[in-house]
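Structure first, then comments.
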Amino acid sequence: MSRSLFFQKKFWPTYWTMFFGAFNDNVFKNALVILITFKAYGLGSLSPEMMVSLCGGIFILPFFLFSSTAGQICDKYPKNQLMLYIKLWEIGVMLLGAYGFITEQIGLLIITLFLMGLQSTFFGPVKYSILPELLPEEKLVEGNAFFSMGTFVSILLGTILGGSLIAIEGVGETYVAIAVMSFAVIGSLFSLFILKLPAGEPELRINKNPFSSMIEILKITKEGRGVFLAILALSWFWFLGAALLSMFPVYVKDYIGGNEYVATFFLALFSIGVAVGSIICMKLSRRGLELGLVPFGTFGMSLFIFDLYLIGGFPHGSETYFGVWEFITRTENTRIMIDIFCLSAFAGFFTVPLMTYVQQFSPKTKRSRIISGLNIINALFMVISAVTLVALYALKLTVPQIFGVWSVCNLLVGLYIYSVIPEFFLRFLAKFVLKFIYRIKVKGREHIPKDQACILTCNHVSFIDWLVIYGCIDRPVRFIMSHKYHSLPIIGFLFKDAGVIPIATRSENEELLEKAYLEIQKALNNNELICIFPEGGITLDGELAPFRKGIEKILTKNPVPVIPMTLQGLWGSFFSRIHNKKALNRPSLIIKRWFSKVELTLHEPWQPQEVSAEKLEAFTRDKL
Numbered sequence: 000m001s002r003s004l005f006f007q008k009k010f011w012p013t014y015w016t017m018f019f020g021a022f023n024d025n026v027f028k029n030a031l032v033i034l035i036t037f038k039a040y041g042l043g044s045l046s047p048e049m050m051v052s053l054c055g056g057i058f059i060l061p062f063f064l065f066s067s068t069a070g071q072i073c074d075k076y077p078k079n080q081l082m083l084y085i086k087l088w089e090i091g092v093m094l095l096g097a098y099g100f101i102t103e104q105i106g107l108l109i110i111t112l113f114l115m116g117l118q119s120t121f122f123g124p125v126k127y128s129i130l131p132e133l134l135p136e137e138k139l140v141e142g143n144a145f146f147s148m149g150t151f152v153s154i155l156l157g158t159i160l161g162g163s164l165i166a167i168e169g170v171g172e173t174y175v176a177i178a179v180m181s182f183a184v185i186g187s188l189f190s191l192f193i194l195k196l197p198a199g200e201p202e203l204r205i206n207k208n209p210f211s212s213m214i215e216i217l218k219i220t221k222e223g224r225g226v227f228l229a230i231l232a233l234s235w236f237w238f239l240g241a242a243l244l245s246m247f248p249v250y251v252k253d254y255i256g257g258n259e260y261v262a263t264f265f266l267a268l269f270s271i272g273v274a275v276g277s278i279i280c281m282k283l284s285r286r287g288l289e290l291g292l293v294p295f296g297t298f299g300m301s302l303f304i305f306d307l308y309l310i311g312g313f314p315h316g317s318e319t320y321f322g323v324w325e326f327i328t329r330t331e332n333t334r335i336m337i338d339i340f341c342l343s344a345f346a347g348f349f350t351v352p353l354m355t356y357v358q359q360f361s362p363k364t365k366r367s368r369i370i371s372g373l374n375i376i377n378a379l380f381m382v383i384s385a386v387t388l389v390a391l392y393a394l395k396l397t398v399p400q401i402f403g404v405w406s407v408c409n410l411l412v413g414l415y416i417y418s419v420i421p422e423f424f425l426r427f428l429a430k431f432v433l434k435f436i437y438r439i440k441v442k443g444r445e446h447i448p449k450d451q452a453c454i455l456t457c458n459h460v461s462f463i464d465w466l467v468i469y470g471c472i473d474r475p476v477r478f479i480m481s482h483k484y485h486s487l488p489i490i491g492f493l494f495k496d497a498g499v500i501p502i503a504t505r506s507e508n509e510e511l512l513e514k515a516y517l518e519i520q521k522a523l524n525n526n527e528l529i530c531i532f533p534e535g536g537i538t539l540d541g542e543l544a545p546f547r548k549g550i551e552k553i554l555t556k557n558p559v560p561v562i563p564m565t566l567q568g569l570w571g572s573f574f575s576r577i578h579n580k581k582a583l584n585r586p587s588l589i590i591k592r593w594f595s596k597v598e599l600t601l602h603e604p605w606q607p608q609e610v611s612a613e614k615l616e617a618f619t620r621d622k623l
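Counting in numbering that gives the first Met the number 0, the sequence shown runs from 0 upward without gaps.
As structure tokens, then:
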């Protein structure tokens with residue numbers, strides 16, 4: 000844990016305000032769910048199982064209805080003031096909920112649940128849009144990891160406390176009432192210490208019509224394709240998470256034979272898993288945005304949810320339900336615990352990079368509204384999740400069978416996402432190569448500009464040079480390669496997804512050559528990174544070949560900085576042409592050179608007027 004961030008004044012008041020808000024929500028919600036499940040409360044013709052499923056929908060319904068208004072207010076007014084007012088609002092809502100618990104009025108508790116959702120609707124955009132204003136960009140993944148960890152640890156503790164208090168015979172409802180009031184006050188006190196911030200757009204006129212403003216917010220959310228697709232991916236996670244968390248109490252009682260404490264333990268285990276996954280994600284990301292972990296998270300979640308389907312349940316004919324210790328000590332339950340922990344840990348790999356991506360690539364003046372758009376879509380997905388779950392119960396599907404449905408759906412959604420945002424899969428592939436096949440050492444990464452155009456040059460040693468470079472640089476990189484590689488069956492598909500610009504010699508295809516130069520010019524005008532292998536092909540003997548003059552022509556129209564790179568350690572690998580000038584023909588080399596050292600060095604930038612093919616070649620030869 001980074002003390003330098005976690006204990007800074009700009010971070011900890013916001014963190015603990017968020018923490019106690021999520022903590023209190025879950026004390027209330029889990030106490031209510033346990034009350035309904037184990038005291039068999041219904042409402043009208045609704046069964047307890049349906050009531051539990053609908054509770055999730057009722058809580059997030061306000062997100063769908065009022066997020067657009069919340070986002071506008073958050074962009075218009077100072078976020079530190081809004082946090083204080085929203086926390087004071089929470090005190091009033093919890094006062095009503097406390098009365099509902101003491102009098103055991105389920106209808107009143109459902110109304111309170113809706114009002115809690117309304118309060119959270121306004122708190123969400125403030126919580127997530129304030130983070131990029133408090134932290135520098137390089138600390139944003141770390142801040143999001145701590146927020147994700149804190150959110151789920153607070154869910155863990157709130158879940159445990161809510162379930163434990165409500166289970167106390169005779170006085171549980173009273174204890175819950177006292178707890179939710181107390182924690183609402185504590186959270187409000189922390190909000191007093193949040194740093195003062197300016198309003199994002201004080202001249203913004205608030206559209207008071209929730210429906211037309213919702214359409215306006217959604218249009219803003221869709222302006223950036225990458226951000227919008229990341230939002231859809233996050234919303235799918237909340238669809239899946241809401242369904243799983245609603246199913247756990249029913250699964251525990253009807254398929255395992257556990258009591259309310261075991262149900263609480265399930266939710267706690269899920270929360271711990273997400274917290275652990277978020278911190279591991281932060282470590283693997285080098286505290287920078289790493290989208291390659293997102294596919295890893297998807298496939299991991301699907302795998303362990305599917306295993307819950309395979310396990311099914313255990314016959315339980317007794318009216319007596321066992322507790323946490325008996326559940327843990329039964330050997331047949333070990334696999335269930337591993338599945339829940341691992342699926343939630345992989346969820347941390349999925350959500351932290353996506354949330355950071357949304358924050359990092361959203362315009363500052365529209366960030367709160369975009370996060371409100373995220374909340375609207377989240378809410379829509381979670382309402383659909385609740386309705387879908389009720390429908391699956393109505394179709395007489397068992398809980399284990401529904402686990403199987405979610406596993407397959409998650410995998411299909413993941414495959415779709417990675418087909419429309421290939422960067423996720425490519426960075427996953429690059430991360431696999433960098434972490435599990437070779438030991439990669441990178442020098443000079445700080446020379447890469449954050450958001451300006453630049454040309455990278457590198458010696459060409461193997462077929463995976465581009466993948467190594469792609470994985471070592473935090474920004475997306477577009478490569479210029481021979482059109483022959485672009486049309487290869489498997490590698491060509493990856494090149495197309497990576498936005499590789501195919502090029503040919505003038506004698507091969509003059510039209511394609513000119514088209515490539517136009518595409519390069521367009522990319523540099525759009526402040527993208529371009530990478531060139533000036534040798535024009537992979538080395539046949541491990542020696543540097545003469546550099547071609549194409550880079551000089553590019554710089555005449557786009558005079559941007561050039562960063563020379565040198566790549567060492569891949570000659571002699573399975574992907575090089577060391578054997579008979581052919582690559583990919585000695586699979587045994589993968590084993591022999593497993594985890595061998597590869598080094599990529601990014602040298603200081605050259606100004607465009609300094610660059611010539613001869614000078615770059617001599618410099619590169621000297622550094623190898």
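Backbone N, C-alpha and C define an ideal beta-carbon position, used for all residues, glycine too.
Candidates the options: closest to residue i by CA position
i      : options                        : result
Ile529 : Gln358, Leu425, Ile553         : Ile553
Leu428 : Glu445, Ser486, Ser301, Phe295 : Phe295
Val249 : Asn409, Phe546, Tyr392         : Tyr392
Asn89  : Val407, Met17, Leu133          : Looking at the sequence provided, one finds Glu at residue 89 rather than Asn. The shortest C-alpha separation from Glu89 is found at Met17.
Gly96  : Ile110, Met50, Leu87           : Ile110
Leu466 : Val32, Val432, Ile101          : Val432
Lys9   : Leu107, Leu539, Glu132         : Glu132
Leu4   : Leu108, Lys78, Val140          : Val140
Val170 : Ser234, Phe121, Ser128, Phe100 : Phe100
Ser284 : Phe574, Thr297, Gly142         : Gly142
Asn23  : Ala183, Ile35, Ile167, Gly70   : Ala183
Ser211 : Gln7, Thr68, Trp405            : Thr68
Met281 : Ser461, Ala166, Leu353         : Leu353
Ile447 : Ile35, Thr13, Met564           : Met564
Ile479 : Cys457, Lys596, Tyr254, Ala346 : Cys457
Tyr76  : Gly116, Ile468, Phe121, Gly498 : Phe121
Ala617 : Glu325, Pro533, Lys596         : Pro533
Start and end residues, beta strand (DSSP E) containing residue i
i      : result
Arg438 : 437–442
Leu455 : 453–457
Gln400 : Gln400 -> not in any beta strand (DSSP E); alpha helix (DSSP H) instead, spanning 398–419.
Leu511 : No beta strand (DSSP E) contains Leu511, which is instead part of the alpha helix (DSSP H) from 509–524.
Ile383 : Ile383 -> not in any beta strand (DSSP E); alpha helix (DSSP H) instead, spanning 366–393.
Leu528 : 528–531
Beta-ladder partner(s) of residue i, from DSSP
i      : result
Met480 : Pro501
Phe313 : According to DSSP, which records beta bridges pairwise, Phe313 is partnered with nothing at all.
Met564 : Cys457, Leu601
Ser595 : Tyr437
Phe321 : Gly257
Leu196 : The partner list for Leu196 (beta bridge, DSSP) is empty, contrary to what the question assumes.
Pair within 7 Å by beta-carbon distance, residue i and residue j
i      : j      : result
Phe58  : Leu112 : yes
Arg485 : Phe494 : What sits at residue 485 in the sequence shown is His, not Arg. A contact, by the Cβ cut-off of 7 Å.
Ile369 : Ala232 : no
Ala242 : Ser384 : yes
Gly372 : Leu244 : no
His459 : Ile531 : no
Thr297 : Gly161 : no
Ile129 : Lys78  : yes
Ile463 : Val561 : no
Phe27  : Ala378 : no
Val357 : Val226 : yes
Leu410 : Ser301 : yes
Val179 : Val261 : no
Ile185 : Lys365 : no
Alpha helix (DSSP H) segment containing residue i, residue limits
i      : result
Ile337 : 333–359
Leu569 : Careful: Leu569 lies outside any alpha helix (DSSP H) and carries neither H nor E.
Ile537 : Counting along the chain, Ile537 falls outside any alpha helix (DSSP H), and DSSP gives it neither H nor E.
Ile216 : 209–220
Asp464 : 464–471
Thr158 : 139–165
Lys552 : 549–556
Phe189 : 171–190
Glu636 : The requested residue 636 does not occur in the structure, where the chain is confined to residues 0 to 623.
Taking only runs of the alpha helix (DSSP H) that begin and end inside the region 74–119, which ones reach a length of at least 4 residues, in chain order?
The region 74–119 contains these whole alpha helix (DSSP H) runs: 78–102.
Complete alpha helix (DSSP H) runs within the region 224–308 (minimum length 4 residues, chain order)
Counting only runs of 4 or more, we get 224–250, 259–283.
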